[in-house]
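Residue numbers (our numbering): 168 to 965.
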């Protein structure tokens with residue numbers, strides 16, 4: 168009596184759903200699936216009920232509810248994801264799409280190689296059980312040695328192409344955002360006029376990177392498992408019937424429904440995590456930016472409290488996520504990993520245990536051989552010969568070999584099938600995290616678009632209409648909603664809102680050769696009215712001095728002039744932006760050479776195309792008394808961190824050299840000589856006058872009045888005065904130092920980096936402001952008509 172397995176007579180696992188209780192079994196399976204889906208719906212409604220409470224939701228709850236909707240995996244997420252996919256894959260002929268096709272081909276090759284490994288593993292086990300040394304050497308040594316090269320190549324090439332795909336996607340998306348962010352001064356508006364994004368640098372760097380990385384990984388984690396499910400199910404159906412793979416797939420669908428019902432909102436938690444990480448990073452950035460001021464105040468202890476508080480928020484949030492992952496991970500491991508393994512073993516083993524035993528005769532041996540050829544391929548002929556020539560003892564060994572080989576192959580294929588379905592489930596669990604990144608990137612895209620159209624959270628439109636679906640922020644209703652229900656207060660706020668709405672009429676910008684404000688209202692992004700009905704004209708050659716208290720609108724006037732703030736009122740006549748130059752109190756120094764500091768924002772190539780020469784740049788340095796800087800640091804092409812190398816006065820003189828290089832029609836000087844001495848300051852203004860540059864100056868130094876013909880004074884209450892500057896009002900400046908015309912700059916003998924600036928311009932003297940303040944205060948008392956400008960000069964001393 169011999170025992171063997173008749174493959175052709177294996178009972179199908181569909182028989183488990185047959186018999187007298189078949190309908191009950193099918194009904195029970197359907198009921199379990201329905202119960203899982205019902206549990207999921209019940210959990211969602213329960214969460215919604217918690218938010219609604221008694222039907223009256225607070226503002227915090229409404230914001231949380233909107234945030235939850237924003238990061239859910241739904242059609243909105245799919246729509247936003249498709250929007251970014253079209254950006255990253257602009258056409259079917261792009262390199263990114265070709266890389267996607269290549270990854271798909273490699274995934275297909277890997278799936279077929281996995282099937283080969285399963286089949287070859289069964290052959291190796293068969294050779295070991297049958298003690299067939301020749302077969303063992305061929306299957307376990309030669310075949311694996313030959314196939315190790317393509318398998319290793321496919322696996323590592325797949326990793327490389329997936330990483331390359333992620334880099335390509337990140338490049339496309341990042342360059343798209345750079346184009347949006349760095350065009351039309353959107354970067355300024357996002358950072359200064361809009362409060363929705365506090366850490367745009369993190370969104371552009373970390374969040375875009377994580378979003379594209381997760382998306383590229385999702386593609387491989389979904390495409391290959393789907394292909395594996397199809398190929399492995401088809402292969403298993405040959406020996407186990409279609410019911411085996413079907414049961415496994417149904418089990419994982421049921422498991423997926425259960426896990427989805429109890430899944431925490433990881434999408435929202437991921438978005439919150441990135442936001443908290445950004446705030447923590449922002450605290451450190453602020454410390455680096457303002458380290459000197461904080462050190463002067465001795466604020467290290469206070470800053471440590473701020474930073475630790477932000478860091479502790481990150482830690483608490485991460486621990487919250489870890490606890491939720493522990494909870495869901497326990498259930499996930501039990502259902503997806505271990506219980507699925509039991510189900511898989513049962514599916515593989517039941518056909519073997521239910522197979523019949525029978526005596527091995529020659530006809531039946533041929534049937535076995537024919538059945539074996541169904542899954543053994545090229546070895547069928549050899550098996551057939553063994554059956555025909557072997558005896559009874561050989562037949563017994565043959566049956567054991569077949570059982571071992573069949574079990575090994577099927578178990579490996581079924582475990583691979585289970586793993587593929589499990590990866591699909593895990594990919595579904597990753598979707599909430601990807602939706603969190605997608606929500607963050609979508610918020611960035613939305614804010615950039617709205618700001619580019621003239622809308623922000625605290626601003627209204629300039630010259631363009633609102634984008635579809637958006638509501639202007641400047642509205643009476645939105646202003647009134649923020650206040651209490653007191654009738655008098657509401658009436659007052661209504662009046663203010665109506666006045667604000669009447670003043671926020673978009674104006675026209677007209678390119679002209681003069682600067683003229685016609686009935687212009689200056690309104691800050693936080694809806695503060697700084698100046699009403701501004702009317703003034705600044706022809707070329709007429710320098711204007713601008714004064715007023717802090718926050719009255721001096722710098723705001725220039726923001727409107729430059730187009731950084733929306734224009735409200737009738738019209739603004741101004742030259743083209745290239746003919747107006749702005750010199751701030753703290754000049755921006757670019758990364759690069761000394762040459763780059765002078766010609767900024769032009770590049771070296773652009774400057775050379777305009778006829779710029781080294782001699783001209785050296786002359787500009789000489790005009791602002793910075794010859795020694797070029798000589799000390801190695802010339803125009805020397806590269807340094809100029810923000811650290813130059814002192815405050817040297818930075819301001821570099822900015823003036825930059826102004827002289829561009830030689831615009833108008834220049835806006837905003838306290839741009841506060842760190843240089845009086846004589847150097849006078850020389851710089853005389854140089855600007857010789858170059859026919861019309862100046863609009865904000866300064867608190869009475870010494871600069873003599874370089875201007877008109878004065879514009881803001882009163883801080885929305886009013887202003889604009890009139891000629893009487894020469895009798897200009898204070899006399901009694902210089903105690905030798906004039907520049909009769910002396911040459913002294914060579915620097917000891918340079919400490921940032922500490923001093925001599926009056927001749929070679930080194931910055933930090934106490935020069937105190938020195939000229941005492942002199943000017945003494946001279947002001949003797950100026951005729953001084954009482955007429957008491958308010959102005961008092962304010963100017965702020």
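Glycine residues also receive a C-beta, built at the ideal position from the N, C-alpha and C atoms.
In this text, all values refer to a predicted model and were calculated from it rather than measured experimentally.
Consult DSSP for residue 322 and reduce its assignment to one of helix, strand or coil.
The count along the chain shown starts at 1 and reaches residue 322 at position 155. In the structure shown, the three-state DSSP call for residue 322 is helix.
Distance between beta carbons of residue 871 and residue 887, contact taken as under 8 Å
Working through the chain shown from its first residue, we reach residue 887 at position 720. Working through the chain shown from its first residue, we reach residue 871 at position 704. In fact, because the Cβ distance is near 20 Å, the residues do not count as touching under 8 Å.
Are the segment 832–840 and the segment 860–874 touching, with three or more C-beta to C-beta distances below 8 Å?
Yes, the segment 832–840 is in contact with the segment 860–874.
Whose C-alpha, out of 700, 704, 748, is nearest the C-alpha of residue 734?
Here the question's residue 734 lines up with position 567 in the chain shown. Across the set 700, 704, 748, the C-alpha of 700 shows the shortest separation from the C-alpha of residue 734.
From the DSSP output, which residues share a beta bridge with residue 825?
Counting from 1 along the chain shown, the entry for residue 825 is found at position 658. Answer by DSSP bridge pairing: none, since residue 825 is not bridged.
Are three or more beta carbon pairs between the segment 395–403 and the segment 345–364 nearer than 8 Å?
Counting Cβ pairs under 8 Å, fewer than three are found: no touch.
Shortest alpha-carbon distance to residue 488 belongs to which of 261, 435, 732?
Counting from 1 along the chain shown, the entry for residue 488 is found at position 321. When only C-alpha atoms are compared, the closest one is 435.
Measuring only the C-alpha atoms, how far is residue 893 from residue 707?
If you number the chain shown from 1, residue 893 lands on position 726. If you number the chain shown from 1, residue 707 lands on position 540. Computed Cα separation, rounded: 19 Å.
Going by CA-CA distance only, name the one from 329, 243, 814 that's closest to residue 267.
Here residue 267 is taken as the residue at index 100 of the chain shown, counted from 1. With respect to the C-alpha of residue 267, the residue from 329, 243, 814 having the closest C-alpha is 329.
Would you tell me roughly how many angstroms separate the C-alpha atoms of residue 770 and residue 763, rounded to the nearest one?
Within the chain shown, residue 770 is the residue found at index 603, counting from 1. Within the chain shown, residue 763 is the residue found at index 596, counting from 1. Whole-angstrom Cα-Cα distance: 7 Å.
Bridge partners - residue 865, DSSP secondary structure assignment:
Here residue 865 refers to the residue found at position 698 of the chain shown. Answer by DSSP bridge pairing, in chain order: 713, 837.
Counting only the same chain and skipping the five closest in sequence on each side, list residues whose C-beta sits under 7 Å from that of residue 781.
Taking the chain shown and counting its residues from 1, one reaches residue 781 at position 614. In the same chain as residue 781, and ignoring 5 residues on each side of it, the C-beta atoms closer than 7 Å to its own belong to 803, in chain order.
C-beta atoms of residue 977 and residue 430 nearer than 8 Å
The structure shown does not extend to residue 977, since the chain is modelled only from 168 through 965, so no value can be given for it.
What do you get for residue 304, buried or exposed, if any count of 16 or more other CB atoms within 10 angstroms of its CB means buried?
As a first step, residue 304 must be located in the chain shown, where it is residue number 137. The residue is exposed, with fewer than 16 neighbouring Cβ atoms inside 10 Å.
Quick check on this structure: which residue in 349, 885, 875 has the alpha carbon closest to the alpha carbon of residue 891?
As a working note, residue 891 is residue 724 in the chain shown. The option with the nearest alpha carbon to residue 891 is 875.
Paired residues, beta bridge with residue 879 - DSSP:
In the chain shown, counting from the first residue as 1, residue 879 sits at position 712. Answer is 713, 889, bridged to residue 879.
For residue 720 and residue 826, what's the separation of their Cα atoms in angstroms?
The residue labelled residue 720 in the question sits at position 553 within the chain shown. The residue labelled residue 826 in the question sits at position 659 within the chain shown. For residue 720 and residue 826, the gap between their C-alpha atoms comes out near 24 Å.
State the DSSP-derived secondary structure class of residue 513, mapped to helix, strand or coil.
Position 346 of the chain shown holds residue 513. Helix at residue 513.
With respect to the alpha helix (DSSP H) encompassing residue 698, which residues constitute its N-terminal and C-terminal limits?
Numbered from its first residue, the chain shown carries residue 698 at position 531. Counting along the chain, residue 698 falls outside any alpha helix (DSSP H), though it belongs to the beta strand (DSSP E) covering 696–705.
If you draw a straight line from the C-alpha of residue 823 to the C-alpha of residue 750, how long is it?
For this step, residue 823 is matched to residue 656 along the chain shown. For this step, residue 750 is matched to residue 583 along the chain shown. Taking the straight line from one Cα to the other gives about 7 Å.
Which partner residues does residue 683 have in the DSSP bridge list?
Here the question's residue 683 lines up with position 516 in the chain shown. Answer is 704, 740.
How would you call residue 850, buried or exposed, if buried means at least 16 neighbouring beta carbons within 10 angstroms?
Taking the chain shown and counting its residues from 1, the one referred to as residue 850 is at position 683. By the beta-carbon neighbour count (other beta carbons within 10 angstroms, threshold 16), residue 850 is buried.
Around the Cβ of residue 508, are there at least 16 other Cβ atoms within 10 angstroms (buried) or fewer (exposed)?
Within the chain shown, residue 508 is the residue found at index 341, counting from 1. By the 16-neighbour rule on beta-carbons within 10 angstroms, residue 508 is exposed.
Got a sec: is the Cβ-Cβ distance from residue 418 to anything in chain C below 8 Å?
Here there is only one protein chain, and chain C is not present.
Report the CB separation of residue 879 from residue 711 in whole angstroms; it is logged as a contact under 8 Å.
Position 712 of the chain shown, counted from the first residue, corresponds to residue 879. Position 544 of the chain shown, counted from the first residue, corresponds to residue 711. Rounded, the Cβ-Cβ distance is 6 Å, consistent with contact.
Contact check, residue 792 vs residue 753 under 8 Å by CB: the rounded distance?
Reading the chain shown from its first residue, position 625 is the one you call residue 792. Reading the chain shown from its first residue, position 586 is the one you call residue 753. Wrong, their Cβ atoms sit about 20 Å apart, outside the cutoff.
Return the first residue and the last residue of the beta strand (DSSP E) that residue 677 is part of.
As a working mapping, residue 677 is identified with position 510 in the chain shown. 675–678 is the span of the beta strand (DSSP E), which, as asked, contains residue 677.
Contact belief for residue 461 with residue 454 at Cβ below 8 Å, rounded distance in angstroms
As a first step, residue 461 must be located in the chain shown, where it is residue number 294. As a first step, residue 454 must be located in the chain shown, where it is residue number 287. Right, their Cβ atoms sit about 7 Å apart.
Proximity winner among 414, 492, 391, relative to residue 966 (alpha-carbon distances):
Past the boundaries of the shown model lies residue 966; the chain is included only from 168 to 965, so the question cannot be answered.
Three or more beta-carbon pairs under 8 Å between the segment 371–388 and the segment 474–481, yes or no?
With a cut-off of 8 Å, the segment 474–481 and the segment 371–388 do not count as touching, because too few Cβ pairs lie within range.
Let me check understanding here. Comparing Cα to Cα, which of 705, 679, 726, 678 lies closest to residue 697?
Here residue 697 corresponds to residue number 530 of the chain shown, with the count starting at 1. That would be 726, whose Cα lies nearest to the Cα of residue 697.
Give me the DSSP bridge partner(s) of residue 806.
Here residue 806 refers to the residue found at position 639 of the chain shown. Beta-bridge pairing by DSSP links residue 806 to 760.
Answer with buried or exposed for residue 644, where buried requires no fewer than 16 other C-beta atoms within 10 angstroms of its C-beta.
Numbered from 1 along the chain shown, position 477 holds the residue referred to as residue 644. Below a pLDDT of 50, predicted positions are generally treated as unreliable, and residue 644, at 35, falls in that range; no measurement from the model is reported.
Determine the DSSP secondary structure at residue 295, reduced to helix, strand or coil.
Here the question's residue 295 lines up with position 128 in the chain shown. The answer is helix: DSSP assigns residue 295 an H, G or I state.
Cβ-Cβ separation, residue 579 to residue 278 (assumed contact under 8 Å), whole Å:
For this step, residue 278 is matched to residue 111 along the chain shown. For this step, residue 579 is matched to residue 412 along the chain shown. In fact, because the Cβ distance is near 13 Å, the residues do not count as touching under 8 Å.
Closer than 8 Å is the cut-off here; do at least three beta carbon pairs connect the segment 584–591 with the segment 359–377?
Counting Cβ pairs under 8 Å, fewer than three are found: no touch.
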